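Q: My questions all concern the structure below.
Number of protein chains: 6
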Amino acid sequence: MKLQLINPNTTAAMTDKMAVAARQVVSVGTQILAVQSATGPASIETAVDEALALPGLLAQIKAGEAAGVDAHVIACFGDPGLRAARELATAPVIGIAEAAMQMACLVASSFSVVTTLARTVPTAQRLLVDYGMTSRCRRVRATGIAVLELEAQTSDLLRKKIGDECRLALAEDGVGAIVLGCAGMADLCTELTQALGVPVIDGVTAAVKLAEALAGLGLRTSKQGDYARPGAKPYVGVMAQFAPAA
Amino acid sequence: MKLQLINPNTTAAMTDKMAVAARQVVSVGTQILAVQSATGPASIETAVDEALALPGLLAQIKAGEAAGVDAHVIACFGDPGLRAARELATAPVIGIAEAAMQMACLVASSFSVVTTLARTVPTAQRLLVDYGMTSRCRRVRATGIAVLELEAQTSDLLRKKIGDECRLALAEDGVGAIVLGCAGMADLCTELTQALGVPVIDGVTAAVKLAEALAGLGLRTSKQGDYARPGAKPYVGVMAQFAPAA
Amino acid sequence: MKLQLINPNTTAAMTDKMAVAARQVVSVGTQILAVQSATGPASIETAVDEALALPGLLAQIKAGEAAGVDAHVIACFGDPGLRAARELATAPVIGIAEAAMQMACLVASSFSVVTTLARTVPTAQRLLVDYGMTSRCRRVRATGIAVLELEAQTSDLLRKKIGDECRLALAEDGVGAIVLGCAGMADLCTELTQALGVPVIDGVTAAVKLAEALAGLGLRTSKQGDYARPGAKPYVGVMAQFAPAA
Amino acid sequence: MKLQLINPNTTAAMTDKMAVAARQVVSVGTQILAVQSATGPASIETAVDEALALPGLLAQIKAGEAAGVDAHVIACFGDPGLRAARELATAPVIGIAEAAMQMACLVASSFSVVTTLARTVPTAQRLLVDYGMTSRCRRVRATGIAVLELEAQTSDLLRKKIGDECRLALAEDGVGAIVLGCAGMADLCTELTQALGVPVIDGVTAAVKLAEALAGLGLRTSKQGDYARPGAKPYVGVMAQFAPAA
Amino acid sequence: MKLQLINPNTTAAMTDKMAVAARQVVSVGTQILAVQSATGPASIETAVDEALALPGLLAQIKAGEAAGVDAHVIACFGDPGLRAARELATAPVIGIAEAAMQMACLVASSFSVVTTLARTVPTAQRLLVDYGMTSRCRRVRATGIAVLELEAQTSDLLRKKIGDECRLALAEDGVGAIVLGCAGMADLCTELTQALGVPVIDGVTAAVKLAEALAGLGLRTSKQGDYARPGAKPYVGVMAQFAPAA
Amino acid sequence: MKLQLINPNTTAAMTDKMAVAARQVVSVGTQILAVQSATGPASIETAVDEALALPGLLAQIKAGEAAGVDAHVIACFGDPGLRAARELATAPVIGIAEAAMQMACLVASSFSVVTTLARTVPTAQRLLVDYGMTSRCRRVRATGIAVLELEAQTSDLLRKKIGDECRLALAEDGVGAIVLGCAGMADLCTELTQALGVPVIDGVTAAVKLAEALAGLGLRTSKQGDYARPGAKPYVGVMAQFAPAA
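Protein chains in written order, with the working numbering: chain A, 1 to 246; chain B, 1001 to 1246; chain C, 2001 to 2246; chain D, 3001 to 3246; chain E, 4001 to 4246; chain F, 5001 to 5246.
Structure, rendered in structure tokens:
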């Protein structure tokens, strides 16, 4: 199967990092097409960033559909544009936050999220409400790390910072698992699992395996109900280039 | 005060219609600047429409801030981009759905929403959850009317369709008020109130009066917490023109 | 417009204080009729106080209706008797807690309430549930100040106490706005807003501006549904004088 | 034990009816003191009725405390004044709606309420929220019977009307028990249980037995927390006579 | 009346302890049949314990029904097998957690639970959700005491430990009552109530009095709806002996 | 990987049916060990059935752990014993209801469940609450088919009955996907998907693919928190044979 892994920010180094993590978990025969948005912010940390990331993200969804991919993964922990992407796609579209949270629920009765800036916490909390996870997630913990600090390989300093916050979560929140709250932490998952002795879940790899699972079941995005394909209508200005195909 | 009324779709006729409604309720001294997005969809009915409307909407927010407006109203019942707009603005930003629902709660213990296409119902329902209104709103009722059918003055046929749905709401839902679920219905509010004998609330005029109220209290968007101004970061491609000012 | 501002306790000095605050924010042409209950407790801090405040409050609603006021404001942060008052009135009736919370939601994604005695916290929390604000309000904070300590102009000592609690709220609760939890704090709103750099919302002035907004839209209390006028029935003893007019 | 059964409306015939029902279920040694409010409405069906019933009800609580009763029952399905009464009392105070709903939960996984006028349904629904019963109660069903129609022995016509609504509840709501939504239906409980073959629960008798249970356990209203006794403060006018004892 | 008090673990000393507590509160004429499961764990602290306790518990329910008891009490704070027991029984079945929580709500606006091992906290929290008590219970507090430490009379050391946790609950949680979270604490209820000056509620005695109350009202488990008697079907192996009677 | 597929009832024909479905979706290298409980009910439709199925189910979990399987699937839509199983296992344990609901959320914004007897509906509804799916599942629909009617290959008559209910769900509930509410419907998934044109999700195959996904990520049941391994304690009688290994 062909799986499009979309980094919805415009930072190519981060795309590469995710792709490495994704390729380490794929089944035989799964091909990862790692791409990033051609337009938009270098990282997604605010509602403005998210809003301006959407056109580039949707363009990638359209491109992937045209290329016949079997699934899309949106690799940003805020799951930006998930509903819009599902309207455009017939292949399944998986957000890494939803994927990580689902996986966490299968191996622990509760989890905490360890994420980047405090600024992003409310976004995670809205997702928890939306996904029905408020009673499973005990706390969303910010580390104060900006997304772009995780652009390349994670430094020892930041590894320590993230590991320390995970340890605090285990000590104070009474949880059985940790969800990593940024695609840029994908390279830490294995070592943290070993160090902490509990499941540590990275959304990128979780989403890749869920995409394979859906593909294996032949499940595709429903085109009946809320994710039905939008009808054609006039789009004006630069947005016209991103509009759904007629 | 100077109030920017933003139609976040690109249909100028609809902007004019809203402006007429807004100007009928303003206090002495309030000036309405009615604008629409320069880029984006002709109407907002799907998640894709909403996503692609955001850059143009945010550009208007930036423009309004630069022009020193005292408040912004986002005149689409899905309240698109409300969080992002509040990040960019120091003036208050009011969505017409939130405004209409708040007003309805002050004059009735429950209300129903009468809206356009069935397609838009889930968006309204998500707003109800977000605004804590699930126990106050009994039902969101679709009329099957597309937004652009309401572009110019509402036809007699559509007036009847909307009025009939309102009557059904009163008969079946046990509510004390009706909220109109589209900015394009702003011209029907007065006649429906008279015909139905209950408060019928249009979000455009509700938002305009709330904006005046906030201005009268000197209240502006909090720059502490979630609506803090986004820091500068690289934006790539056509999105760079919509990015927050440095 | 003629707006009846009702202090539902029997302390005239507090009525005067509210009236001053109200008159500072009214639009040209709005007349404030400030009154207090003729019977009942000197302040409202317990369920017993609230229960025994209701007859006097409803008598004022009746009097105001007879006098043809355009709106009523119930100026006690517990919003006592709001449903009963709306049954009796055709003019809109606004409680200052509901008003303040609505305004806070328009300028901040979350707020904390700073109120008087710990005793009153559960009342505020029940209102939060009733108004759908539980996810917007992070915390209700008691200062330990009795309502009657705020009877006249607020002393420097109490100003400091209240200001300190507001600062704690900003530091610990992560909120973007403060709601003042007592009508007796109405004189502190402007200075606290300036001192704290975030929106500080007083319910008295918020309610007054909402009342003007409703009047400007021609919205009146729905007489269909839960707020329908009660039918006549026998009332016995001293309560007969407070009963709804036949 | 001495149990004060308070009819919070002023209709003595209804008090008598309740007392008969209560005396049929008491244990040996339990004495029922059946009283009604000396001031207030003849029946409680609206928020205004409830507000104006509170002073008379609280006066009875005070009188019962002075007389040393072991428990109080407030015999109106809206549980009016329950919090205020608990502030005044050291003996337990039980509302008949809370009592009936608790009992229903012990013998059925879900129940419906069959009540009087549609007007009273929202009150019952607010109690369901307050008591955490929203998932246990499937529906609150109005029969259109005014409370005073149930003043004396229930007529055959009304028995049939109520029985029919109970049958509808069983057929349509999938519930295992019926809760009768008015103290005036206390005389129907036994015959309906036999006719319907499911538990039919009347709040008056349920509350009496709960009061005996609490007394048997030596449990009294907590004077720590929200039900602490209110401190003395000035009460003005006719309300002074109802105020808590110094 | 004949009341079967079932200890669903296999530790007879604990049964004796509960029986003593139960007999201290029964009315004249109530006979306590205290029994324990013949098969299963010595104490119930995990989901595995609970699962393996169920066959023995259900066998006791069957035996009690055959013996014509008037009510069953399941005396373990996790209310294990309550739904299954109600399917098998026509007499009422009361769990001690549900009983204690109901009683607490009648005498205090909020309570905390003081229980045994931290391991059992999530079970109590699931019950709170199931019983609609999440807003009434402020906290479930573990003392770290294993259930079997409470097998015989509670030692002075453990009395102190439990008393201290109750005091912490009052000091930190702002509650008006304490619920004891283990049947093995039944002997502490009276002394703790006196020492703490607030209602302290033990589920065993609470359930016994509720059982008497239900019996006094003639209420029995509904056989319509979810608690209908299971039809006969093949049961294989050792489980056949526990299966519902044909 | 070695995946233990546990049918927690004692009907071997149903085990075979599930195994066929499971083997159709496994990846290369996944081995399905299909087993059923040695003791317990022939089908699980009531709380009593579930209670008496647990010992046999847990025995299989123990056996699978001893055999070193990489994951367990509990193949009954009530997800019986899931928490207890996770306490016993270090391999992941997946319930088919949780699996199916998770998959449904990835391809549709809402779904309905089509299940067997009305009797089983409350169990499904409790799972929806537990899994945070109440806002995603619009309705649980019973077909009136007993589980054992689905023991062998599903008859044409029952296929039609189930298909018709699915069509009703799509027509009336406005959902985008169907979840099949019984492991015995696993053979219908593909044909229903084709016939209905929307995703139809069977829990057995969904769980198998999720198990592979978890294995691919190296995720195992957390032994910290609620799923920690139970300590040894005395188990009496026939239950001793099912107790956790020392």
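Where a beta carbon is used, it is the ideal one built from N, C-alpha and C, also for glycine. Owing to the predicted nature of the structure, the values given are computational and were not obtained by experimental measurement.
1. In terms of residues, what are the limits of the beta strand (DSSP E) holding K5002 (chain F)?
2. Strictly under 8 Å for the Cβ-Cβ distance: is Q3060 (chain D) near chain E by that measure?
3. From A1104 (chain B) to A177 (chain A), what distance separates their C-alpha atoms?
4. Could you tell me which of C:I2044, C:T2010, C:A2053 sits nearest to Q2036 (chain C), measuring between CA atoms?
5. Short check: CB of L5188 (chain F) to CB of T5154 (chain F), under 8 Å?
6. For A5099 (chain F), which option in F:S5222, F:T5115, F:A5243, F:Y5131 has the closest C-alpha, if you only look at C-alpha atoms?
7. Please determine if the segment 4211 to 4221 of chain E and the segment 3192 to 3206 of chain D are in contact, where contact requires at least 3 C-beta pairs separated by less than 8 Å.
8. By Cβ distance, which residues of its chain are closer than 8 Å to A3085 (chain D), with the 5 residues on each side in sequence left out?
9. Rank D:M3014, D:P3041, D:Q3031 by C-alpha distance to the C-alpha of A3211 (chain D) and give the top, closest one.
10. My understanding is that T4090 (chain E) touches K4223 (chain E), with C-beta atoms under 8 Å, so please give their C-beta distance in whole angstroms.
11. Taking the alpha helix (DSSP H) that T1271 (chain B) falls in, what are its first and last residues?
12. If you scan the segment 2087 to 2161 of chain C from start to end, which runs of the beta strand (DSSP E) of 3 or more residues do you find wholly inside it?
13. Please confirm whether V2175 (chain C) and R2138 (chain C) have their CB atoms less than 8 Å apart.
14. Based on the DSSP secondary-structure assignment, which residues constitute the bridge partners of Q5036 (chain F)?
15. Inspect the beta-carbon positions of A5213 (chain F) and A21 (chain A) and report whether they are closer than 8 Å.
16. Which residues in the same chain have their Cβ closer than 8 Å to the Cβ of H2007 (chain C), if we skip the five residues on either side of it in sequence?
17. Could you list the residues in the segment 3234 to 3246 of chain D with a C-beta less than 9 Å from some C-beta on chain C, going in chain order?
18. Using a cut-off of 7 Å between C-beta atoms, extract the partners of T3205 (chain D) located in chain E.
19. Note down, in chain order, all residues in the segment 2087 to 2099 of chain C with a beta-carbon under 9 Å from any beta-carbon belonging to chain D.
20. Is K209 (chain A) close to chain F, meaning its C-beta is less than 8 Å from at least one C-beta of that chain?
21. Go to A206 (chain A), then tell me how far its alpha helix (DSSP H) extends in each direction, as first and last residue.
22. Going straight from the alpha carbon of G5163 (chain F) to that of L5192 (chain F), what length do you get?
23. Assuming contact is defined by CB atoms lying nearer than 8 Å, are F242 (chain A) and P41 (chain A) in contact in what I supplied?
24. Using only the alpha-carbon positions, how far apart do S3110 (chain D) and T3134 (chain D) sit?
25. Which residues bound the beta strand (DSSP E) around V5073 (chain F)?
26. In the DSSP assignment, what residue or residues form a beta bridge with A3177 (chain D)?
27. Just checking: is the beta-carbon of M5001 (chain F) within a distance shorter than 8 Å of some beta-carbon in chain A?
28. Quick check: the segment 1225 to 1233 of chain B against the segment 2226 to 2240 of chain C, are at least 3 beta-carbon pairs closer than 8 Å?
29. For P1041 (chain B), write down the residues that DSSP places opposite it in a beta bridge.
30. Mind listing the chain I neighbours of S2112 (chain C)? Cutoff is C-beta to C-beta under 7 Å, in chain order.
31. Suppose contacts are defined by Cβ-Cβ distances below 8 Å. Is E4050 (chain E) in contact with G4029 (chain E) by that definition?
32. Any idea which residues DSSP pairs Q4031 (chain E) with across the strands?
33. Which residues in chain D have a C-beta closer than 7 Å to the C-beta of D2226 (chain C)? List them in chain order.
34. So the alpha helix (DSSP H) K1062 (chain B) belongs to, where does it begin and stop?
35. V3200 (chain D) by DSSP, collapsed to three states: which one?
A: By the coordinates alone:
1. Counting from 1 along the sixth sequence, the entry for residue 5002 (chain F) is found at position 2. Membership of K5002 (chain F) in the beta strand (DSSP E) is indicated by the continuous run 5002 to 5007.
2. Here residue 3060 (chain D) refers to the residue found at position 60 when the fourth sequence is read from its first residue. Not one beta carbon of chain E lies nearer than 8 Å to the beta carbon of Q3060 (chain D).
3. Along the second sequence, read from residue 1 onward, the residue named residue 1104 (chain B) stands at position 104. Along the first sequence, read from residue 1 onward, the residue named residue 177 (chain A) stands at position 177. Taking the Cα positions, A1104 (chain B) is about 44 Å away from A177 (chain A).
4. The residue you call residue 2036 (chain C) lines up with position 36 of the third sequence. Each of C:I2044, C:T2010, C:A2053 was checked against the Cα of Q2036 (chain C), and the nearest Cα belongs to C:T2010.
5. Numbered from its first residue, the sixth sequence carries residue 5188 (chain F) at position 188. Numbered from its first residue, the sixth sequence carries residue 5154 (chain F) at position 154. Yes, Cβ-Cβ distance for L5188 (chain F) and T5154 (chain F) is below 8 Å.
6. Walking along the sixth sequence from the start, residue 5099 (chain F) turns up at place 99. Nearest C-alpha to A5099 (chain F): F:Y5131.
7. Yes, they touch.
8. Reading the fourth sequence from its first residue, position 85 is the one you call residue 3085 (chain D). Within the same chain, L3057, L3058, I3061, H3072, I3074, V3093 come within 8 Å of A3085 (chain D) by CB-CB distance, once the 5 residues on both sides are set aside.
9. Taking the first residue of the fourth sequence as 1, we reach residue 3211 (chain D) at position 211. It is D:Q3031 whose Cα lies nearest to the Cα of A3211 (chain D).
10. For the purposes of this step, residue 4090 (chain E) is taken as the residue at position 90 of the fifth sequence. For the purposes of this step, residue 4223 (chain E) is taken as the residue at position 223 of the fifth sequence. About 7 Å; that satisfies the 8 Å criterion.
11. Here chain B comprises residues numbered 1001 to 1246, so residue 1271 (chain B) is not present and cannot be evaluated.
12. Runs of the beta strand (DSSP E) lying entirely within the segment 2087 to 2161 of chain C, each at least 3 residues long, are 2093 to 2095, 2111 to 2115, 2137 to 2142 in chain order.
13. Within the third sequence, numbered from 1, the residue matching residue 2175 (chain C) stands at position 175. Within the third sequence, numbered from 1, the residue matching residue 2138 (chain C) stands at position 138. With contacts defined by Cβ atoms closer than 8 Å, V2175 (chain C) and R2138 (chain C) form a contacting pair.
14. One-based indexing of the sixth sequence puts residue 5036 (chain F) at position 36. Looking at the DSSP assignment, Q5036 (chain F) forms a beta bridge with F:N5007.
15. Mapped onto the sixth sequence, residue 5213 (chain F) falls at position 213. Mapped onto the first sequence, residue 21 (chain A) falls at position 21. No, the Cβ-Cβ distance between A5213 (chain F) and A21 (chain A) is not below 8 Å.
16. The residue given as residue 2007 (chain C) occupies position 7 in the third sequence. First, the residue type needs correcting, since residue 2007 (chain C) is Asn and not His in the sequence shown. For N2007 (chain C), where only same-chain residues beyond five positions count, the Cβ hits under 8 Å are M2014, T2015, M2018, A2034, V2035, Q2036, S2037, A2075, C2076, A2183.
17. So the close ones are P3234, Y3235, V3236, G3237, V3238, M3239, A3240, Q3241, F3242, A3243, P3244.
18. The residue you call residue 3205 (chain D) lines up with position 205 of the fourth sequence. Here the neighbours are L4217.
19. Answer in chain order: E2087, L2088.
20. Translated into the one-based positions of the first sequence, residue 209 (chain A) becomes position 209. Closer than 8 Å: yes.
21. Reading the first sequence from its first residue, position 206 is the one you call residue 206 (chain A). Residues 203 to 217.
22. For the purposes of this step, residue 5163 (chain F) is taken as residue 163 along the sixth sequence, with counting starting at 1. For the purposes of this step, residue 5192 (chain F) is taken as residue 192 along the sixth sequence, with counting starting at 1. About 7 Å.
23. Taking the first sequence and counting its residues from 1, one reaches residue 242 (chain A) at position 242. Taking the first sequence and counting its residues from 1, one reaches residue 41 (chain A) at position 41. Taking 8 Å as the Cβ cut-off, F242 (chain A) and P41 (chain A) do not qualify as a contacting pair.
24. Position 110 of the fourth sequence, counted from the start, is the residue given in the question as residue 3110 (chain D). Position 134 of the fourth sequence, counted from the start, is the residue given in the question as residue 3134 (chain D). In a straight line, the C-alpha of S3110 (chain D) is about 10 Å away from that of T3134 (chain D).
25. Locating residue 5073 (chain F) in the sixth sequence gives position 73, counting from the first residue. Counting along the chain, the beta strand (DSSP E) containing V5073 (chain F) begins and ends at 5071 to 5074.
26. Counted from its first residue, the fourth sequence places residue 3177 (chain D) at position 177. For A3177 (chain D), which the question treats as bridged, DSSP gives the partners D:F3111.
27. For the purposes of this step, residue 5001 (chain F) is identified with residue 1 of the sixth sequence, where counting begins at 1. Judged by the 8 Å Cβ criterion, M5001 (chain F) is not in contact with chain A.
28. By the C-beta criterion, the segment 2226 to 2240 of chain C is judged not to be in contact with the segment 1225 to 1233 of chain B, since fewer than 3 inter-stretch pairs fall below 8 Å.
29. Taking the first residue of the second sequence as 1, we reach residue 1041 (chain B) at position 41. Beta-bridge annotation (DSSP): P1041 (chain B) is paired with A:Y235.
30. Of the protein chains in the structure, A, B, C, D, E and F, none is chain I.
31. If you number the fifth sequence from 1, residue 4050 (chain E) lands on position 50. If you number the fifth sequence from 1, residue 4029 (chain E) lands on position 29. No, the Cβ-Cβ distance between E4050 (chain E) and G4029 (chain E) is not below 8 Å.
32. The residue given as residue 4031 (chain E) occupies position 31 in the fifth sequence. Q4031 (chain E) pairs with E:K4002.
33. In the third sequence, counting from the first residue as 1, residue 2226 (chain C) sits at position 226. The contact set of D2226 (chain C) on chain D, defined by CB atoms closer than 7 Å, consists of P3122 in chain order.
34. Here residue 1062 (chain B) is taken as the residue at index 62 of the second sequence, counted from 1. K1062 (chain B) -> alpha helix (DSSP H) spans 1047 to 1066.
35. For the purposes of this step, residue 3200 (chain D) is identified with residue 200 of the fourth sequence, where counting begins at 1. V3200 (chain D): strand per DSSP, three-state reduction.
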